[in-house]
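These notes concern the structure reproduced below.
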């Protein structure tokens, strides 16, 4: 919880957010952000940090699910390879796959994914997407993205333009409405937005 709201209330599993401690709340929330953060420590310790009591076996299994295991084994000392500051000795995609594995180890109930597939090549994006799908299974997930391929299968998509919510519905309904989301989707995947809709840029939050 970073900010307290001025009115209304937010509930998680029937409990009001303002009544929860910071520690208990953050144990339930995991995040994979655009800028993957790694500690200056071994790969294994970066994974173990995710949850008190986590085992190395759990970390290895999480790395396999996140498609990180294979490249980790190819590092000079495998899981005992030391990361330089912020993981600078790995590629952006490799750092993201480790942060996905770390989120799996944490076992959160709620996930926040913020531009988790940006700045990576197409092949790496597919690997990251596969890992994210496994990570999101059985969890409430908030996905913030500009790449619409990341969110099209979400239960609901919130389209934010200029700080305002302009559309809110599942992908199929948004496409049928042929509004702002439709224009951006067609612009990204077809190269143009037919039907006179004007394409632009917006933020998308899926749930």
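Numbering (this note's numbering), first residue to last: 1 to 207. We put the beta carbon where it would ideally sit given N, CA and C, even for glycine.
(message) Quick check on residue 32: does DSSP put it in helix, strand or coil?
(response) strand
(message) Using 8 Å for Cβ pairs, my map puts residue 183 next to residue 102. What's the rounded Cβ distance?
(response) Actually they do not touch by this definition, with Cβ atoms about 37 Å apart.
(request) Using three-state DSSP, classify residue 89 as helix, strand or coil. (result) coil
(request) Kindly indicate which three-state DSSP category residue 114 falls into: helix, strand or coil? (result) strand
(message) Going by DSSP in three states, residue 106 sits in which element: helix, strand or coil?
(response) helix
(request) Give me the Cα-Cα distance between residue 10 and residue 92, rounded to the nearest whole angstrom. (result) 34 Å
(request) Report the option in 24, 15, 116, 149 whose CA atom is closest to the CA atom of residue 108. (result) 24
(request) Mark residue 69 as exposed unless 16 or more other C-beta atoms lie within 10 angstroms of its C-beta, in which case mark it buried. (result) buried
(request) Determine the DSSP secondary structure at residue 199, reduced to helix, strand or coil. (result) Since pLDDT at residue 199 reaches only 42, below the 50 mark, its modelled position is unreliable, and no value is offered.
(message) Mapping the DSSP letters down to three states, classify residue 183 as helix, strand or coil.
(response) helix
(request) Would you please state the rounded distance, in angstroms, between the beta carbons of residue 18 and residue 6? I believe it to be under 8 Å. (result) The pair is not a contact, with the Cβ atoms about 12 Å apart (cut-off 8 Å).
(message) Tell me which residue opens and which closes the alpha helix (DSSP H) that residue 44 is part of.
(response) 43 to 48
(message) For residue 95, which residues in the same chain have their Cβ closer than 7 Å to its Cβ, ignoring the five residues on either side in sequence?
(response) 36, 38, 87
(message) I want to know whether the region 26 to 34 touches the region 107 to 127 - three or more CB-CB distances under 8 Å.
(response) In short, these stretches touch, since the Cβ pair count reaches three.
(request) Can you tell me which of 64, 81, 40, 150 puts its alpha carbon nearest to the alpha carbon of residue 104? (result) 64
(message) Checking 7 Å against the spacing of the C-beta atoms, do residue 110 and residue 160 come in under that value?
(response) no
(message) Taking the beta strand (DSSP E) that residue 140 belongs to, which residues open and close that run?
(response) 140 to 145
(message) Taking the alpha helix (DSSP H) that residue 63 belongs to, which residues open and close that run?
(response) Counting along the chain, residue 63 sits inside the alpha helix (DSSP H) bounded by residues 56 to 65.
(request) Apply the 10 Å Cβ neighbour rule to residue 143 and answer buried if 16 or more other Cβ atoms are within range, or exposed otherwise. (result) buried
(message) Can you tell me whether residue 73 is buried or exposed? The criterion is at least 16 other CB atoms within 10 Å of its CB, across all chains shown.
(response) exposed
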